[in-house]
Amino acid sequence: PEDQGALKLEYKGQFQLNHRDTGGGSDDDESVSEFNFRRNRVALMGAYGKHFGLYVQTEFNEDNNITGFNVTDGDNEDFQLLDAVMRFKYNDAVNFWLGKYKYSFTRENLEACEMPLTLDRSLLIRAPLVDEGTRDKGVTLWGNLFDQKFQYRLDAMNGRNDSASAPDSAFRYGARAHVTLLDPENGHGYKGTYLGEKKVLTIGGAYQMEKDVAYSNYTAAGIGSESVDYKAWTADLFFEYPVDGVGTFTVSGAYADYDLDDAYKNDNLADLYDTGIMGINGEKNGGYVKIGYMLPNLPLQFFARSESWSLSNYNGFYDQEVDWYGGGFNYYFRGQDLKLTMELSQADFDKEGKKVFGGKTYNTEDFTTVTAQLQVIF
Amino acid sequence: PEDQGALKLEYKGQFQLNHRDTGGGSDDDESVSEFNFRRNRVALMGAYGKHFGLYVQTEFNEDNNITGFNVTDGDNEDFQLLDAVMRFKYNDAVNFWLGKYKYSFTRENLEACEMPLTLDRSLLIRAPLVDEGTRDKGVTLWGNLFDQKFQYRLDAMNGRNDSASAPDSAFRYGARAHVTLLDPENGHGYKGTYLGEKKVLTIGGAYQMEKDVAYSNYTAAGIGSESVDYKAWTADLFFEYPVDGVGTFTVSGAYADYDLDDAYKNDNLADLYDTGIMGINGEKNGGYVKIGYMLPNLPLQFFARSESWSLSNYNGFYDQEVDWYGGGFNYYFRGQDLKLTMELSQADFDKEGKKVFGGKTYNTEDFTTVTAQLQVIF
Amino acid sequence: PEDQGALKLEYKGQFQLNHRDTGGGSDDDESVSEFNFRRNRVALMGAYGKHFGLYVQTEFNEDNNITGFNVTDGDNEDFQLLDAVMRFKYNDAVNFWLGKYKYSFTRENLEACEMPLTLDRSLLIRAPLVDEGTRDKGVTLWGNLFDQKFQYRLDAMNGRNDSASAPDSAFRYGARAHVTLLDPENGHGYKGTYLGEKKVLTIGGAYQMEKDVAYSNYTAAGIGSESVDYKAWTADLFFEYPVDGVGTFTVSGAYADYDLDDAYKNDNLADLYDTGIMGINGEKNGGYVKIGYMLPNLPLQFFARSESWSLSNYNGFYDQEVDWYGGGFNYYFRGQDLKLTMELSQADFDKEGKKVFGGKTYNTEDFTTVTAQLQVIF
């Protein structure tokens with residue numbers, strides 16, 4: 027209602043045509059093509075004066091076949107409130123947020139989903155054992171100090187929720203800080219590129235921990251007696267510099283280490299592959315480098331990224347290594363509000379082939395993906 | 027946001043009281059009554075200038091017992107983004123749409139859901155093996171030519187998505203054209219009636235095809251070695267004419283043929299009734315005729331419809347024939363924004379009774395439905 | 027759209043930090059803490075002139091571990107349209123509503139979810155065998171008479187929907203009336219407190235019945251031959267009085283009896299615990315008393331509540347008695363639009379311990395809950 031502070035609506039869509047060279051058909055070795063949405067969101071924003079604001083965002087995931095690492099039968103439709111955060115701002119140095127929103131850990135997860143440099147963030151950067159993947163529920167104290175050259179964040183969030191297979195329902199605590207030397211990055215969210223409008227050099231780091239997050243000695247029944255803690259750290263750098271008449275250059279990189287006390291070495295886990303201790307979002311370490319160049323007189327930006335990750339176990343292979351390469355371009359018809367992106371990417375596994383693990387057969391194969399994406403923000 | 031083109035909100039609801047004479051109780055032979063929503067939607071519309079628009083629509087299906095052909099236990103609640111389409115208009119002859127929206131095939135599926143002539147569209151008109159039933163994801167090029175007397179549409183859409191039981195993930199291609207001789211029908215959507223405000227005579231036709239959509243020799247495991255293609259065609263006519271002082275007359279009819287190369291003749295399909303090759307939305311052909319008469323001085327419109335369909339297999343009976351008759355009236359309190367509809371309908375099967383198929387027992391019985399519906403658009 | 031009557035948007039969120047002293051971990055005996063939303067809603071309101079209005083409300087339930095009576099693994103995420111009601115008002119004495127909204131029975135269920143006196147309504151007050159718990163679908167005629175001193179409501183709603191385990195799909199009929207002696211309560215919804223802005227004394231009562239709602243002799247297959255009816259009655263009192271310079275006093279109480287003809291005494295029901303005849307929302311009777319005191323010069327309100335219920339069977343124990351006590355405070359930063367609530371509560375069962383029932387083991391234990399909640403309405 028008018029007298030209480032207005033709500034504004036926004037739509038954000040990313041519609042894709044995807045082609046993957048393998049994973050389709052009844053033997054999972056045919057190529058697959060698919061039209062789909064990567065993001066399909068309606069956001070509500072509101073403010074009461076300058077001290078209190080609200081941000082609520084819905085997300086609708088269609089059934090889709092081509093996912094980051096797999097081609098599936100696609101029964102994964104889901105409509106949810108992705109974000110719902112109450113934002114109190116005492117001043118620039120003291121903000122208190124509560125609700126559901128992105129947890130404070132890697133820079134790339136905190137980069138706005140509609141403003142990455144490359145097609146999307148890393149497929150491998152999500153933290154282990156957090157219900158929502160990229161978001162969590164809880165509270166955050168954060169702010170900018172020293173003329174906005176320094177930013178701190180302190181999180182207390184759910185982390186892994188209680189379940190029969192969790193020893194405890196301890197909270198996940200996190201801290202993140204950055205130093206930003208040229209034009210400041212002073213918000214809760216980062217961007218993957220400022221399109222030549224800012225000169226930015228930011229160096230950041232973060233730490234997360236949660237006690238008693240899983241068992242190191244799961245029995246086949248999915249419980250155990252000895253618990254492990256979750257500990258993770260990350261460091262990142264972002265540099266973007268527009269040079270008059272030459273164009274805008276972007277370089278960004280990060281490393282992250284997610285540790286679960288080697289709980290994956292327990293033999294019983296073969297039957298419990300989906301505990302989240304192993305796989306894409308389990309115990310792992312790795313990082314990315316991404317670079318960009320945007321033309322001076324045309325809203326065209328070329329990009330490339332390279333990633334390398336060590337996974338505790340993926341599809342039954344222990345100590346799997348994955349390299350992921352991608353390159354392409356963004357064409358900004360109306361800035362981020364109407365953008366065309368093309369990307370060609372390749373995932374390269376150190377160990378390939380079929381593997382039987384816990385009675386199931388998994389197939390690991392290198393794959394290539396081509397994506398054309400149109401982004402619209404209203 | 028204001029400076030980017032505003033978003034408008036709209037609500038569209040159809041609340042029904044339904045009565046079905048059979049299908050209820052523990053023996054499925056009791057009558058059933060139910061209050062429910064047939065449609066319950068919130069739509070978002072936006073435009074940037076005159077060349078680019080957006081249409082997004084959510085749909086919430088409640089659990090409901092009385093469905094088109096069955097009375098169920100009703101655990102079918104679903105909230106989804108039904109439409110999300112980005113619309114580029116170069117000029118009236120060249121439109122490019124992409125996203126999720128109604129595929130270009132039968133006229134009746136393309137008639138606006140809130141502006142049919144009878145209570146609703148045909149229950150039997152949906153195309154086979156398309157994930158969304160009435161919508162699909164992809165791209166369409168369409169436009170009006172020759173002083174809006176001719177319209178063309180060219181679709182490339184997902185059709186059947188990839189799955190273990192699909193030989194291939196080929197796209198579904200479609201083409202539709204119409205000739206409209208009096209006042210033009212020049213949009214992407216049609217209406218079932220113009221309430222006497224237009225004189226319309228439109229003749230249309232369409233073709234759809236998708237290669238390798240299913241197997242002709244499914245094994246019990248749900249895969250096979252020989253694939254079949256999907257091919258379908260339809261033809262339709264719509265005529266509406268207001269006569270001064272007498273009223274408005276409407277006549278509309280269509281025929282459609284959906285072909286899957288007789289894949290339903292494979293003996294193993296008895297165990298695979300839900301592959302979508304058989305049943306209401308499998309291989310079939312048939313059509314409808316509907317007529318209407320609206321009074322000259324009162325917003326009251328009487329209607330009737332008759333349909334006849336041949337289904338490859340329904341509830342275990344091969345080559346089932348269904349006739350469906352209905353009649354009733356619309357009273358337009360405020361045009362389509364506040365409308366009361368009453369309809370009495372009957373479905374008449376050529377083969378009735380219990381049938382064991384693939385180890386399950388199906389019950390096929392003629393049924394009668396009475397519906398009172400209030401439609402509200404805000 | 028503008029010319030049809032505008033739609034207004036509203037967001038209502040209740041974000042909680044909950045702590046429960048038992049129910050967590052692999053043995054269900056550890057304490058649990060969780061951040062979560064109790065309510066997370068977007069509402070749409072519209073009106074055409076003064077005779078016709080619309081109210082539509084979405085609700086998103088996150089996965090949550092700590093529920094009213096249990097700690098679960100939390101796979102209960104759900105996004106739905108909670109309310110969608112078309113409201114016709116002929117005059118203050120004759121209102122006709124249709125759609126999905128709160129059924130007319132207990133006062134506390136009809137108190138606005140964002141305006142209770144205590145943290146929330148009773149956990150035990152929901153009627154049995156109604157699909158939606160607090161809402162139902164159907165029609166209601168209601169109005170105020172005698173200078174708004176008297177209000178009547180007549181409901182015809184779905185009640186229990188048809189299912190294989192229901193003998194019949196009869197409607198649920200309800201009637202409610204109240205007498206309100208000081209400032210009138212004249213809306214369809216009540217409030218749990220008027221924050222000292224009104225003097226209110228209201229006495230109400232209601233009756234509900236639905237024929238053939240379940241079987242008294244369920245076989246193990248979940249059907250039977252003899253049906254029972256549902257009958258329920260309730261009586262309630264609400265008194266709130268602001269005293270100048272002293273503060274505002276609130277007293278409210280209710281009793282409700284939900285009867286299913288002792289159908290729970292059927293021995294086969296042990297295997298059918300989830301039929302809804304037993305448990306929290308089955309056959310039961312009980313009530314609550316709640317009191318409040320709000321300070322005269324500070325928006326701080328203290329409250330306490332006490333409940334006592336007899337359940338036909340809970341977790342395998344027949345004739346279980348539950349007492350529930352809670353107390354705490356509301357601090358109204360901006361009335362109900364920004365409110366902090368703290369509550370400490372305890373549930374006390376007459377019979378405790380593990381019980382095997384229908385082959386499953388249930389654990390019944392007293393528990394204590396501490397909740398801090400921030401409520402935001404935009």
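Same order as they appear, the protein sequences are chains R, H and Y.
So the first sequence is numbered by this note's numbering: it starts at 27 and just counts up by one.
So the second sequence is numbered by this note's numbering: it starts at 27 and just counts up by one.
So the third sequence is numbered by this note's numbering: it starts at 27 and just counts up by one.
Glycine included, C-beta positions come from ideal geometry on N, C-alpha and C.
It should be emphasised that the depicted structure is a prediction, and the values quoted were computed from it without experimental measurement.
| Asked | Found |
| --- | --- |
| Residues within the segment 95-110 of chain H neighbouring chain R, beta-carbon criterion of under 7 Å | F105, Q106, L107, A110 |
| Within chain R, the residues that I249/H reaches when beta carbons sit closer than 8 Å | S52 |
| Beta carbon proximity, V396/R to chain H, threshold 9 Å | no |
| Contacts that N193/Y makes with chain H (C-beta to C-beta distance below 9 Å) | Going by the sequence as given, residue 193/Y is Pro instead of Asn. Within chain H, the residues near P193/Y are G51, S52, E56. |
| Three or more C-beta pairs below 8 Å linking the segment 386-404 of chain H and the segment 326-345 of chain H | yes |
| Beta carbon proximity, D89/H to chain R, threshold 9 Å | no |
| Contact list for F197/H against chain R, beta-carbon separation under 7 Å | S59 |
| Contact set between L400/H and chain Y, taken where Cβ atoms lie within less than 7 Å | M112, L124 |
| Beta-carbon proximity check, L124/R vs L400/Y, cutoff 9 Å | yes |
| Under 8 Å by beta carbon: chain R residues contacting Y37/Y | L33, L70, G72, L80, V82 |
| From P322/R, G200/R, D173/R, E211/R, residue whose alpha carbon lies closest to that of D270/R | P322/R |
| Contact with chain R by D209/Y, beta-carbon distance below 9 Å | no |
| Cutoff 7 Å; reference D55/Y; Cβ partners in own chain excluding five residues on either side | T48 |
| Within the segment 57-105 of chain Y, ranges of the beta strand (DSSP E) (whole runs, at least 3 residues) | 78-87 |
| Coil, strand or helix - A240/H by DSSP | strand |
| Given M368/Y as reference, the closest of Y74/Y, F355/Y, A247/Y, R360/Y once Cα atoms are compared | F355/Y |
| For E137/H, three-class secondary structure by DSSP | strand |
| Proximal residues to R46/R (C-beta, below 7 Å), its chain only, five neighbours per side dropped | S57, V58, I92, V97, F393, T395 |
| Partner residues on chain Y for N44/H, Cβ-Cβ distance less than 9 Å | Those do not exist, as N44/H stays about 10 Å from chain Y at its closest Cβ, beyond 9 Å. |
| DSSP-derived helix/strand/coil call for T301/H | helix |
| Boundaries (first-last residue) of the beta strand (DSSP E) holding N212/R | First-last for N212/R: undefined, no H or E at that position. |
| Three or more C-beta pairs below 8 Å linking the segment 124-135 of chain H and the segment 156-166 of chain H | yes |
| CA-to-CA distance, G279/R to F310/H, given in whole angstroms | Looking at the sequence provided, one finds Lys at residue 310/H rather than Phe. Going from the Cα of K310/H to the Cα of G279/R covers about 57 Å. |
| Residues of the segment 221-253 of chain H with Cβ closer than 7 Å to any Cβ of chain R, in chain order | I249 |
| N90/Y, buried or exposed, once every other Cβ within 10 Å from all chains shown has been counted against 16 | buried |
| Sequence-distant residues of the same chain with beta carbon closer than 6 Å to V315/H, five excluded per side | G279, S332 |
| Exposure label - A110/R; buried when at least 16 CB within 10 Å | buried |
| Of the residues D157/R, E140/R, M112/R, L324/R, the one placed nearest E36/R, counting alpha carbons only | E140/R |
| Burial state of E60/Y (16 or more Cβ within 10 Å) | buried |
| Positions along the segment 271-303 of chain H whose CB lies within less than 7 Å of some CB in chain R | none |
| D293/Y, DSSP secondary structure in three states | helix |
| E28/Y - DSSP class collapsed to helix/strand/coil | With a pLDDT of 40 at E28/Y, under the threshold of 50, the modelled position of this residue cannot be trusted; read the value that follows with caution. E28/Y falls in the helix class under three-state DSSP. |
| Cut-off 7 Å between Cβ atoms - residues of its own chain near G248/H, not counting five sequence neighbours on either side | A190, S191, L298 |
| Proximity test, Cβ basis, 9 Å: D374/R and chain H | no |
| T367/H Cβ short of 8 Å to the ligand GTP heavy atom set | Absence of the ligand GTP is noted for the structure shown, with no ligands found whatsoever. |
| Residue from M320/H, S334/H, F383/H with nearest C-alpha to Q372/H | S334/H |
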